[in-house]
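FYI, the UniProt record's numbering numbers position 230 of the sequence shown as 230, with every residue one higher than the one before it. Scroll down for the structure; my scribbles are underneath it.
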Amino acid sequence: MDEPVEIELKLDFDPADRDRLAACPLFGPEPAATRRLAATYFDTPGFHLDKAGYALRIRRDGGKRIQTVKAASGETAGLFVRGEWERRVTGDRPVLDEASGPLLQLFDAELLARIEPVFTTAIDRAEGPIDRPDGSRIDYAIDLGEVRAGTRGSAVCELELELKRGTPQALFDLARTLNELVPLRLGVSTKSERGYALADKAFTAAVKAEPLKLDRAMAAGDAFAAIAASCLRQYRRNEDLLLLSGGVEQLHQARVALRRLRTAFWLFGPLFEGDERAAAFASELRWLAAELGGIRDIDVLVPRLEEPSRAALFAIRENRFGHLRTLLDSGRVRLLPIELAEWLALGRWRTDPADPYLRDRYVRAFASDRLERLRKRIKRAGKDLADTDDEHRHAVRKTAKKLRYASEFFVSLYPGRKARRRMERFLDRLEALQDKLGQLNDIAAAPELFARLGVEAALPMPGKKERKRLLDDAEDCFETLIDTKRFWRD
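What follows is the structure in structure tokens.
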């Protein structure tokens with residue numbers, strides 16, 4: 001069965017800007033068509049459809065009921081490309097047959113019989129078509145409303161741009177133009193994802209990296225786009241949560257997402273060597289990660305301190321977070337994910353890469369080479385950790401982080417029980433090395449950090465004996481890691 005496909009760019013906005021956005025001249029002189037959309041989403045008690053990447057809903061539109069099955073068949077950092085099957089139904093229960101998409105082929109009848117309502121949406125939508133000077137046609141929808149699961153609710157304020165005619169470039173060009181009128185952010189969460197988070201009581205929890213499923217027959221360039229999209233999605237979801245709560249874990253996971261994204265740029269760097277936009281993105285990501293890192297340093301210290309040092313650091317954090325909030329609301333930061341999503345989907349590296357062979361090379365061979373290169377770098381640099389300086393040990397720690405993120409990116413390329421056992425053992429030992437090197441780095445960096453924060457050093461510093469023990473442990477962890485079998489080798 002061929003999948004009907006929609007290509008859509010989703011953008012988030014502040015609800016206070018809805019009327020200004022709806023009045024945009026680009027939407028035409030006539031008032032937009034408006035309607036109230038109420039939908040119920042269905043799944044099994046164990047959320048089997050969601051876990052398989054499908055959403056099933058019945059939307060009530062006036063007197064009509066439209067059932068839709070959506071499949072997350074592909075996503076490039078905000079540019080949604082999804083299989084979609086629609087049909088009219090007469091009742092409020094799903095009709096699952098051959099005309100309802102692939103669900104009957106994927107799940108047994110007994111499981112599908114357990115489908116029940118999970119959450120609802122109530123959306124006021126203003127919509128219409130836009131004919132662009134380049135000949136493209138884009139349907140827009142301005143949605144304002146709520147997703148609700150039981151007593152828990154989450155606001156929806158989003159602009160959807162769906163390509164009907166032309167190329168995806170038209171979506172990003174229009175987004176840039178609209179952003180000059182109303183502040184916009186890249187949208188990465190579907191309404192169904194919001195609903196499942198509410199149903200699972202995880203709607204305010206920090207978002208960790210999602211497992212990546214790469215196909216070993218995938219080209220390296222396509223793998224980079226998928227990895228970068230996953231990192232960007234993790235960042236944006238945590239950025240939204242961070243703006244709402246200022247939470248410690250939300251900030252940490254936003255920073256982790258940026259570190260993962262920077263590692264992806266490094267791993268696939270030969271693809272876009274000489275690309276000025278790639279270099280500019282790398283610079284912006286480094287800058288933004290550093291801004292988050294300044295607050296993360298405080299968050300790590302606070303639980304280890306007693307009063308009055310803790311109160312002093314809380315005050316410093318509050319001040320710095322105010323500065324960070326201003327940065328996150330700035331056009332510089334808001335546009336970064338949008339422009340990065342555009343480059344990932346349509347950049348010159350796609351059509352004119354620095355290394356065409358590398359772009360089209362099978363990703364498994366590419367991944368094995370890069371993992372081996374990182375391991376060799378650690379093996380060379382990690383010798384005699386006790387006899388080198390703090391700066392060198394910190395560099396080894398950063399390389400170990402790159403190797404860990406790269407391993408997590410590529411792990412799905414090495415299936416099988418043996419590879420899985422090797423991978424788990426390898427990552428455990430890599431994490432042990434990182435932990436010891438991290439403790440040594442904390443000791444080395446503490447005096448300068450306290451001085452920079454303007455508070456007295458309130459933590460007892462380890463003596464020579466304790467430091468020597470950590471150095472010995474780090475060397476033991478290094479030797480154990482180097483002796484561990486590599487999961488990327490047969």
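Glycine residues also receive a C-beta, built at the ideal position from the N, C-alpha and C atoms. Predicted, not measured: the structure shown is a model, and the values here were computed from it.
Relative to the C-alpha of residue 202, which candidate in 220, 237, 218, 231 has its C-alpha closest?
237
Could you tell me which of 466, 471, 426, 148 sits nearest to residue 387, measuring between CA atoms?
471
With 16 other Cβ atoms within 10 Å as the buried cut-off, status of residue 507
The question about residue 507 has no answer, for the chain in this structure spans 1 to 490.
Do you know offhand how far residue 434's Cα is from residue 383's?
15 Å
Three-way DSSP call (helix, strand, coil) for residue 177 in this model
helix
Tell me which residues share the same chain as residue 425 and place their Cβ nearer than 7 Å to its Cβ, disregarding the 5 neighbours each side in the sequence.
484
Please classify residue 248: does DSSP put it in a helix, a strand, or coil?
helix
According to DSSP, what are the bridge partners of residue 61?
37, 64
Minimum length 3: unbroken beta strand (DSSP E) runs contained in the region 200-233
none
Sequence ranges, beta strand (DSSP E) only - wholly within the region 90-166, length at least 3:
116-131, 137-149, 152-165
Which residues does DSSP pair with residue 185 in a beta bridge?
12
Which residue from 392, 365, 444 puts its Cα closest to that of residue 413?
365
Helix, strand or coil for residue 43 per DSSP?
strand
Separation of residue 223 from residue 75, as counted between CA atoms:
Any reading at residue 75 must be qualified, since the residue scores a pLDDT of 48, below 50, and its modelled position is unreliable; no value is offered.
Any 3 or more C-beta pairs closer than 8 Å across the region 150-169 and the region 211-218:
no
Grouping DSSP H, G and I as helix and E and B as strand, with all else coil, what is residue 279?
helix
Would residue 449 and residue 297 be called neighbours here (beta carbons separated by less than 8 Å)?
yes
If I measure Cβ to Cβ from residue 310 and keep anything under 8 Å in the same chain, skipping five residues before and after, which residues do I get?
302
Within the same chain, show all residues whose beta-carbon is closer than 8 Å to that of residue 65, passing over the 5 residues directly before and after it, in chain order.
58, 59, 88, 89, 90, 91, 92
Decide yes or no for the touch test of the region 354-361 against the region 190-198: beta carbon pairs closer than 8 Å, at least 3 of them.
no
Where do the ends of the alpha helix (DSSP H) carrying residue 321 lie?
309-328
Could you give the distance in angstroms between the alpha-carbon of residue 502 and the alpha-carbon of residue 205?
Coverage of the chain is limited to positions 1 through 490, which leaves residue 502 absent and any answer about it impossible.
Excluding the 5 residues flanking residue 333 on each side, which residues of the same chain have their C-beta closer than 7 Å to its C-beta?
288, 327
CB of residue 291 within 8 Å of CB of residue 324, strictly
yes
C-alpha distance - residue 407 paired with residue 121, whole-angstrom precision:
38 Å
In whole angstroms, give me the CA-to-CA distance for residue 345 and residue 322.
33 Å
Which of the three DSSP states is assigned to residue 271 in this structure?
helix
So, for residue 427: in the same chain, excluding its five sequence neighbours on each side, which residues have a beta-carbon less than 7 Å away from its beta-carbon?
404, 407
Residue of 161, 149, 462 minimising C-alpha distance to residue 442:
462
From the DSSP output, in three-state form, read off residue 414 for me.
coil
Integer Cβ distance of residue 496 from residue 199, believed to fall under 8 Å
The requested residue 496 does not occur in the structure, where the chain is confined to residues 1 to 490.
Going by DSSP in three states, residue 242 sits in which element: helix, strand or coil?
helix
Under the rule that 16 or more other beta-carbon atoms within 10 Å means buried, what is residue 511, buried or exposed?
Because the chain in this structure spans residues 1 to 490, residue 511 falls outside the shown range and cannot be described.
If you run the structure through DSSP and keep just helix, strand and coil, what is residue 56?
strand
Could you say which of 197, 376, 124 lies nearest to residue 143 if we only look at CA atoms?
124
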